[in-house]
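Notes to accompany the following structure.
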Amino acid sequence: MPVPKAELHLHIEGTLEPELAFALAARNGVELPYADTDALRHAYRFEDLQSFLNLYYELMAVLRTEADFADLADAYLARAAAQGVRHAEIFFDPQAHTARGVALGTVVEGLWRALGRSEETHGISTQLIMCFLRDESAESALETLRAAEPYLDRIVGVGLDSAEVGHPPAKFREVYEAAAALGLRRVAHAGEEGPPAYITEALDVLGVERVDHGLRCMEDPALVERLVRERVPLTLCPLSNVRLRTVGTLAEHPLPAMLDAGLLCTVNSDDPAYFGGYAGDNFDAVREALGLGEERLRELARNSFVASFLEHDEERRARYLAEVEAYDFR
Ligand code: ADE
Ligand code: ZN
C-alpha cells in the first residue's frame, strides 16, 4: 500500500477520464468532437495553462445530472484510495456548470452523493472547496457565493482558479471578505503561471491560508523567507507543471530546493485525468525523477495532513499523522 497522504489540490472536473466522458456523453445525448477515447487522449498535448483549460471546459459538457457528478466523484475516490489517499479536499468550479445551465444544487447534491459516504465506500474523508473562475468578473464570483449559501454546510472553503495571468488576486478582495465573514476557509491558485507578486497579494489581500501551486515564489527570496516563517503550505502539482510547461522536465522541478529552503510543500495531482497521474503517481514520479529519499517522502506525506483543513477533528489528523510515521517505505 502506498504511503498515506492527503490530496489538497484536486479539481474534480479534472478527474474526468476519457472512458467516463464518453459514457456520460452517451447517457446524456451529448456529441463529443472526438472519434473515440484514443482520439481524445491524443488531444492531451498542452502548450500552457490556457490550452489545457480550453479542453477542460469543453469536456464538462457531458456533466449534466446529479448522477453524473456522483459517478465522477466516485470514480475519483476509487482511484485515490488505491493510491493511499486518506483525506481529500476537493475543488469544484460552479460557474463552469451554471454557465451551461446546470444548477449549482445539481452539482453540489451530486458530488455529495459520493462525498457524503466516502469514508464508508472508500475509506477517505472529504471536504469540498468551491473555486471562483478568475477570468470571470468579481460580480459573478459574488453571485456564486450568494447562490452557494444554502449549501455551505457542505463547503469548507473557497478557492480561485482558471487563467491566472492578467487576473490578479486583488480583483476578488470583496468576495473573499464575504467568504471569510461566512466562516469559509480561503485558498487561491497563485504563482503557477503568474508572478510571485500574485502570491503576496493572495496572502495580503485575500487572506489565504494555503497557496495552490506557488511555484514561482522561488524567484523572490524575501517571499520564500516569509512563506517559511509563516508556515504557509504550498500545494504543488509536479506532473501538472510538466504537462503545462511551467517546468521543463520533472528532473528540473524545484521541489527539492523548495524543501531544502524549509517550505511546507505538499504533492498533489491537480487534474489527474489530463496530466498523467493521481496523487500516488505524483509521489512516485518525484521520487524517481528527483531521487527523493524516504525522509523527504515521509515529510511530504506528513505535510499533506499538517496543511489539511482538519481543525474540526484534530483526533483524525493525529491518527493520519501516526499512520505516516509508522509507514514502512521498503
Ligand atoms: N483549473 C483546473 N486546473 C487548473 C490549474 N492547474 N490552474 C488553474 N486553474 C485550473
Ligand atoms: Zn489547480
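Numbering (UniProt numbering), first residue to last: 1 to 330. Cβ coordinates follow ideal geometry from the N, Cα and C atoms, glycine included.
- For Tyr44, the CB stays at least 7 Å from every heavy atom of ligand 1.
- Taking each of Ala114, Ala188, Ser140 in turn and checking the Cα distance to Ala96, the smallest one comes out for Ser140.
- Taking C-alpha positions only, Gly110 is separated from Leu206 by approximately 29 Å.
- Ranked by Cα distance from Ala99, the options Glu136, Val247, Ala114, Arg229 are led by Glu136.
- For Pro4, no alpha helix (DSSP H) encloses it, and the DSSP letter there is neither H nor E.
- In the displayed model, His312 falls within a helix according to three-state DSSP.
- In terms of Cα proximity to Phe172, the closest of Val208, Pro196, Pro195, Arg154 is Val208.
- Taking all protein chains in view, the Cβ of Gly262 is surrounded by fewer than 16 other Cβ atoms within 10 Å, so the residue is classified as exposed.
- When Cβ pairs closer than 8 Å are counted between the two stretches, the region 7 to 26 is seen to touch the region 265 to 277, the count reaching three or more.
- Within the model, the alpha-carbon separation for Ser51 versus Glu315 is close to 42 Å.
- Cβ-Cβ distances below 8 Å link Arg185 to Ile129, Val156, Gly157, Val158, Glu209, Phe309 in the same chain, with the five nearest sequence neighbours on each side left out; the list follows chain order.
- Exclusion of Leu236 from the 7 Å shell around ligand 1 follows from its C-beta lying no nearer than that to any non-hydrogen atom of the ligand.
- One alpha carbon belongs to Thr126, the other to Ala307, and they sit about 14 Å apart.
- In terms of side-chain proximity, the C-beta atom of Ser240 is found nearer than 7 Å to a non-hydrogen atom of ligand 1.
- Not one heavy atom of ligand 1 lies closer than 7 Å to the C-beta of Asp135.
- Annotation note: the region 252 to 327 contains the following uninterrupted alpha helix (DSSP H) runs of length 4 or greater, listed N- to C-terminal: 255 to 260, 272 to 275, 279 to 290, 294 to 306, 314 to 326.
- Within 7 Å of the C-beta of His122 there is not a single heavy atom belonging to ligand 1.
- Counting only runs of 4 or more residues that sit fully inside the region 30 to 98, the alpha helix (DSSP H) segments are 37 to 42, 49 to 59, 66 to 82, 94 to 98, in chain order.
- Secondary structure note for Gly105: its alpha helix (DSSP H) is the uninterrupted segment 104 to 115.
- For Ile12, no pairing in a beta bridge is given by DSSP.
- Where Ser240 is concerned, the enclosing alpha helix (DSSP H) starts and stops at 238 to 243.
- Beta bridge pairing from DSSP links Phe132 with Leu160.
- The beta carbon of Tyr56 sits closer than 7 Å to at least one heavy atom of ligand 1.
- Put simply, the region 63 to 81 touches the region 24 to 37. At least three CB pairs are less than 8 Å apart.
- Of Glu295, Cys237, His213, Ile124, the smallest CA-CA separation from Pro195 is found for His213.
- Taking the Cα positions, Arg113 is about 13 Å away from His122.
- For the set Ala6, Cys131, Tyr278, the Cα lying nearest the Cα of Ala75 is the one of Tyr278.
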